[in-house]
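Enquirer:
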Amino acid sequence: MSKALDRLGLLTTFARIAERGSISAAARDLGLSQASASRQLKALEEALGVQLIQRSTHSLSLSEAGRDCLADARALIDGWDTMVERYAGEESEVRGKLKVVAPVALGQLHLAEAVLRFQQNHPGVSVTWLLEDEAIRFAEIGCDLWIKIGPLPDETLVVRPLGRVERLVVAAPQLIGDRRIAAPGELAELPCAALEPFEAASIPLSQADGTVETVNASVALATNNIFAAHKAARLGIGYAVMPRWFVERELKAGDLVDVLPGWRAKPLTINAAYLPSRRQTRRLRRLIDHIAAAVPAIPGVSRP
-15 MSKALDRLGL
-5 LTTFARIAER
5 GSISAAARDL
15 GLSQASASRQ
25 LKALEEALGV
35 QLIQRSTHSL
45 SLSEAGRDCL
55 ADARALIDGW
65 DTMVERYAGE
75 ESEVRGKLKV
85 VAPVALGQLH
95 LAEAVLRFQQ
105 NHPGVSVTWL
115 LEDEAIRFAE
125 IGCDLWIKIG
135 PLPDETLVVR
145 PLGRVERLVV
155 AAPQLIGDRR
165 IAAPGELAEL
175 PCAALEPFEA
185 ASIPLSQADG
195 TVETVNASVA
205 LATNNIFAAH
215 KAARLGIGYA
225 VMPRWFVERE
235 LKAGDLVDVL
245 PGWRAKPLTI
255 NAAYLPSRRQ
265 TRRLRRLIDH
275 IAAAVPAIPG
285 VSRP
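What follows is the structure, given as structure tokens:
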């Protein structure tokens, strides 16, 4: 039993070194000395007969064998955590760590509060909360849960839809002026602040009856940052396709207007994704259920 636990400890230390990119940082996280963490890494490499970490003067990087080993190590660590939870029973306090990656704006404005309230209910759970709009390498960063708007590029993940996002065309009143825009084609006369990768120069809009028209946009600003596109719309630089949850306050205040009531851009799905091996992890399952219950309360988000 001692040897098994020692091996699990070696894997845990290696996984933390890989995540932090630093032996000293991993040692601090784990309450070890740097020398002890180094010895554990060396012991694991000797036991496996491969070099896991490539060391240079200023940095560490995973070898090809190290990348493979990291995925296996996390699966074994997760398996142990899952087994501990299973035998502790459903009534026991939920404890442990969760690492969550969420979209920048949605995570900052809405989802962070949901996660913090989850922690109020489960004080034994420690959360690492990361905000990132770009695609991630799920296994490499040691993520437990990835919340992403739109489709996920990794088919190995279990995906649970959480909500559908209403998206509309908004603009500052000064951009519209006295115009009465009745159809999507009339937007071609105005500049556009395009939020990539969701919109570009061609923006299909639809009505409730299924009618679809495509806007041939004159792009004044193309950006992958929703805050920049939003600011451009507020300043009158161009109209923008925005999720209702992001512009609800400005719409009510009159700082932005719904340019084409009755026409909407294609809705996007808020997805929760996790590894199949973690499907039975109780703390993760409870967090996902908690977020799923909170998401439909966000303005302009409906159940999937």
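In my numbering, the protein residues as written are -15 to 288.
No residue lacks a Cβ here, since even glycine has one placed at the ideal position from N, Cα and C.
In this text the structure is predicted, and so the values were computed from the model without any measurement.
#1: With respect to the beta strand (DSSP E) encompassing GLU197, which residues constitute its N-terminal and C-terminal limits?
#2: Nearest-angstrom Cα distance between ARG51 and LEU136?
#3: Shortest alpha-carbon distance to ARG269 belongs to which of LEU129, GLY91, PHE(-2) and ALA57?
#4: Reducing DSSP to helix, strand and coil, say where ALA57 ends up.
#5: Which same chain residues, not among the five before or five after THR198, have their C-beta less than 8 Å away from its C-beta?
#6: Which whole runs of the beta strand (DSSP E) in the segment 108 to 163 are 3 residues long or more, in chain order?
#7: Decide if THR(-3) is buried, meaning its Cβ has at least 16 other Cβ atoms within 10 Å, or exposed.
#8: Measure the CB-CB distance between ASN255 and ASP117 and report whether it falls below 8 Å.
#9: On the three-state DSSP scale, how would you describe GLY80?
#10: Taking the alpha helix (DSSP H) that ASN105 falls in, what are its first and last residues?
#11: Using a beta-carbon distance below 8 Å, is PHE122 in contact with chain B?
#12: Quick check: the segment 62 to 69 against the segment 87 to 100, are at least 3 beta-carbon pairs closer than 8 Å?
#13: Does the contact criterion of 3 or more C-beta pairs under 8 Å hold for the segment 106 to 113 versus the segment 224 to 232?
#14: Spatial neighbours of SER(-14) within its chain, please: CB distance less than 6 Å, with the 5 preceding and 5 following residues excluded, ordered by chain position.
#15: Tell me whether LYS307 is buried or exposed, calling it buried when 16 or more other Cβ atoms sit within 10 Å of its Cβ.
#16: Look up THR41 in the DSSP assignment and say whether it is helix, strand or coil.
#17: Taking C-beta to C-beta, are TYR257 and VAL142 nearer than 8 Å?
#18: Tell me, please, which residues DSSP counts as bridged to THR207.
#19: In whole angstroms, what separates the C-alpha of ALA216 from that of LEU240?
#20: Is the CB-CB distance between LEU252 and ILE133 below 8 Å?
#21: Nearest to ARG248 by CA position, among THR195, LEU219 and VAL203, is which residue?
#22: Using DSSP with H/G/I as helix, E/B as strand and the rest coil, what is PRO251?
#23: Near VAL78, what residues of its chain come up, given a Cβ to Cβ distance below 7 Å and the 5 sequence neighbours on each side ignored?
#24: Can you check which of these residues, PRO157, LEU152, ARG121 and VAL279, is closest to THR140 by C-alpha distance?
#25: Taking only the alpha-carbon atoms, compute the straight-line gap between ARG287 and ARG12 and give it to the nearest angstrom.
#26: Can you check which of these residues, CYS53, ARG144 and ILE272, is closest to GLN35 by C-alpha distance?
#27: Rounded to the nearest angstrom, what separates GLU180 and ILE210 at their Cα positions?
#28: Report the three-state DSSP secondary structure of LEU240 (helix, strand or coil).
Expert: This is what the structure holds:
#1: Stepping through the sequence shown from its first residue, residue 197 is reached at position 213. Going by DSSP, GLU197 is part of the beta strand (DSSP E) stretching over 196 to 200.
#2: One-based indexing of the sequence shown puts residue 51 at position 67. One-based indexing of the sequence shown puts residue 136 at position 152. C-alpha separation (whole angstroms): 21 Å.
#3: What you label residue 269 is simply residue 285 of the sequence shown in a count that begins at 1. LEU129 is the residue among LEU129, GLY91, PHE(-2) and ALA57 whose C-alpha sits nearest the C-alpha of ARG269.
#4: Taking the sequence shown and counting its residues from 1, one reaches residue 57 at position 73. The answer is helix: DSSP assigns ALA57 an H, G or I state.
#5: On the sequence shown, position 214 is the one that residue 198 refers to. So the list reads PRO168, SER186, ILE187, PRO188 and LEU189, once near-sequence residues are dropped.
#6: Runs found: 109 to 115, 129 to 133 and 142 to 155.
#7: Residue numbering aside, residue -3 sits at position 13 when the sequence shown is read from its first letter. THR(-3) should be labelled buried.
#8: As a first step, residue 255 must be located in the sequence shown, where it is residue number 271. As a first step, residue 117 must be located in the sequence shown, where it is residue number 133. Result no, Cβ atoms of ASN255 and ASP117 do not sit closer than 8 Å.
#9: Working through the sequence shown from its first residue, we reach residue 80 at position 96. DSSP places GLY80 in the strand class (E or B) of the three-state scheme.
#10: If you number the sequence shown from 1, residue 105 lands on position 121. Under the DSSP assignment, ASN105 falls in the alpha helix (DSSP H) whose first and last residues are 96 to 105.
#11: No chain B appears in this structure, which consists of one protein chain only.
#12: Under the Cβ criterion (8 Å, minimum of three pairs), the segment 87 to 100 does not count as touching the segment 62 to 69.
#13: Counting Cβ pairs under 8 Å, fewer than three are found: no touch.
#14: Here residue -14 corresponds to residue number 2 of the sequence shown, with the count starting at 1. Note that SER(-14) scores a pLDDT of 47, beneath 50, so its modelled location is shaky; the value from the coordinates is reported in the next line. Hits under 6 Å: none found.
#15: Nothing about residue 307 can be reported from this structure: the residues present for the chain run from -15 to 288 only.
#16: If you number the sequence shown from 1, residue 41 lands on position 57. In this structure, THR41 counts as coil in the three-state DSSP scheme.
#17: Within the sequence shown, residue 257 is the residue found at index 273, counting from 1. Within the sequence shown, residue 142 is the residue found at index 158, counting from 1. Residue identity differs from the one stated: residue 257 is Ala in this sequence, not Tyr. In terms of Cβ geometry, ALA257 and VAL142 form a close pair [threshold 8 Å].
#18: In the sequence shown, residue 207 corresponds to position 223, counting from 1. Partner(s): LEU179.
#19: Taking the first residue of the sequence shown as 1, we reach residue 216 at position 232. Taking the first residue of the sequence shown as 1, we reach residue 240 at position 256. About 11 Å.
#20: Within the sequence shown, the letter at position 268 stands for residue 252. Within the sequence shown, the letter at position 149 stands for residue 133. Yes.
#21: Walking along the sequence shown from the start, residue 248 turns up at place 264. The residue among THR195, LEU219 and VAL203 with its C-alpha nearest the C-alpha of ARG248 is THR195.
#22: In the sequence shown, the residue the question calls residue 251 occupies position 267. For PRO251, the three-state secondary structure derived from DSSP is strand.
#23: As a working note, residue 78 is residue 94 in the sequence shown. If the five residues before and after VAL78 are omitted, its C-beta is found closer than 7 Å to the C-beta atoms of HIS106, GLY108, VAL109, ARG266, ARG267 and ARG270, all from its own chain and listed in chain order.
#24: As a working note, residue 140 is residue 156 in the sequence shown. THR140 has its Cα closest to that of ARG121, out of PRO157, LEU152, ARG121 and VAL279.
#25: Here residue 287 corresponds to residue number 303 of the sequence shown, with the count starting at 1. Here residue 12 corresponds to residue number 28 of the sequence shown, with the count starting at 1. Roughly 42 Å between the two C-alpha positions.
#26: Here residue 35 corresponds to residue number 51 of the sequence shown, with the count starting at 1. For GLN35, the closest of CYS53, ARG144 and ILE272 by C-alpha to C-alpha distance is CYS53.
#27: The sequence position of residue 180 within the sequence shown is 196, counting from 1. The sequence position of residue 210 within the sequence shown is 226, counting from 1. Going from the Cα of GLU180 to the Cα of ILE210 covers about 9 Å.
#28: By 1-based counting over the sequence shown, the position of residue 240 is 256. Judged by DSSP in its simplified three-state form, LEU240 adopts coil rather than helix or strand.
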